[in-house]
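Counting in my numbering, the sequence shown runs from 60 upward without gaps. Below is one structure, written out as structure tokens, with a few remarks after it.
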Amino acid sequence: MRKYVVMGVPGSGKSTQGAMLAREYDLVQISVGDVFRWHVKNHTKIGAQVRRIMAAGELVGDDLVERIVRDRLDQHDWNYGFIIDGFPRNRRQAEFFLESYDIDGVIYLDLPDSEVRRRVLARRLCSVCGMDYNLIEDRPKRAGRCDVCGGELVTREDDTPDALAARLRDYHEKTNPVLELFRRKEFVFGVDAQHDPETVQRDIRERLGLDGHHPVRPLEEDDSARPD
Ligand SMILES: [Zn+2]
């Protein structure tokens, strides 16, 4: 059984990489962002909640994220393991997660902020139903129109360089403690996420010791021996 977590800044390709790995190794993929999109698309109660939050450019709250992850893992249909992204988002969730599951590895998709800016500023949002698009990697079938409802795609008001810089700061602040915790347990496998998806995937498998490779234990930045 394989249990992996994928981490990385928004736009680093977590869900794409998770899907590729899941397909090859029969893992259940839990992509918190995709679960939210599913709810939006299917007009569930959670979907309505998420749509309001996304339209305001805010992050979905920890409680909702936690509930979705727990509900999904409680289904126990992951015979060969799972791969999860979008969780854990803070240290408390990470500790809970480590207590409940033996994690085999944390894949960290490393992407410089400049590349994040390029990708994030290509994002579009449906003005009617709130679905997310990306003009680089997740284009709508018809330019400027939502695949789900045909609504007009717009740029999110807070997808400006300044707002993005603030969000990146916030993201790093929240997730650095998570990464630090995982690194201390030698779980983290860093991968350069600037390459095309196939190359990134190959690097991930190599690092994790899949496909007959021997696992390459990471030599991460020195953040050891810092007392709590
Ligand atoms: Zn729409």
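Glycine residues also receive a C-beta, built at the ideal position from the N, C-alpha and C atoms.
Three-state secondary structure (DSSP) of Val-187: coil
Arg-182 and Asp-218 - do their beta-carbons sit closer together than 8 Å? yes
To which residues of the same chain is Gly-92 closer than 7 Å at the C-beta, ignoring the five residues directly before and after it? Beyond the five residues adjoining it in sequence on each side, Gly-92 comes within less than 7 Å, by CB distance, of Ser-74 and Gly-145 in the same chain, given in chain order.
Give every residue of the same chain whose Cβ lies closer than 6 Å to the Cβ of Val-187, excluding the five residues on either side of it in the sequence, and list them in chain order. Closer than 6 Å at Cβ, skipping near neighbours: Cys-208 and Gly-210.
Minimum C-alpha distance to Trp-97 - residue among Asp-191, Asp-169, Leu-223 and Arg-266: Asp-191
Beta-carbon proximity list for Arg-261, same chain, < 7 Å, skipping 5 on both sides: By the criterion of a C-beta distance shorter than 7 Å, Arg-261 is surrounded by no residue of its chain, once the five residues flanking it on both sides are discounted.
Does the structure place the stretch 155-172 close enough to the stretch 246-257 that three or more beta carbon pairs sit under 8 Å? yes
Using a Cβ-Cβ cut-off of 8 Å (strictly less than) and excluding sequence neighbours within five positions of Ala-78, which residues of its own chain qualify? These residues qualify, in order along the chain: Gln-88 and Ser-90.
Same chain, Cβ closer than 6 Å to Ala-153, five either side skipped, listed in chain order: Closer than 6 Å at Cβ, skipping near neighbours: Pro-147, Val-237 and Leu-240.
Using DSSP bridges, identify the partner residues of Tyr-63. Ile-142 and Gly-164
Is the distance from the Cβ of Phe-141 to the Cβ of Leu-86 below 8 Å? yes
Going by DSSP, name the residue or residues bridged to Gln-88. Ile-142
Contact shell at 6 Å, judged by CB to any heavy atom of ligand 1, ordered along the chain: That gives Cys-185, Val-187, Cys-188, Met-190, Cys-205, Val-207, Cys-208 and Gly-210.
Smallest Cα separation from Leu-118: which of Leu-223, Glu-257 and Arg-243? Leu-223
Met-60 to Gly-271, Cα distance in whole Å? 16 Å
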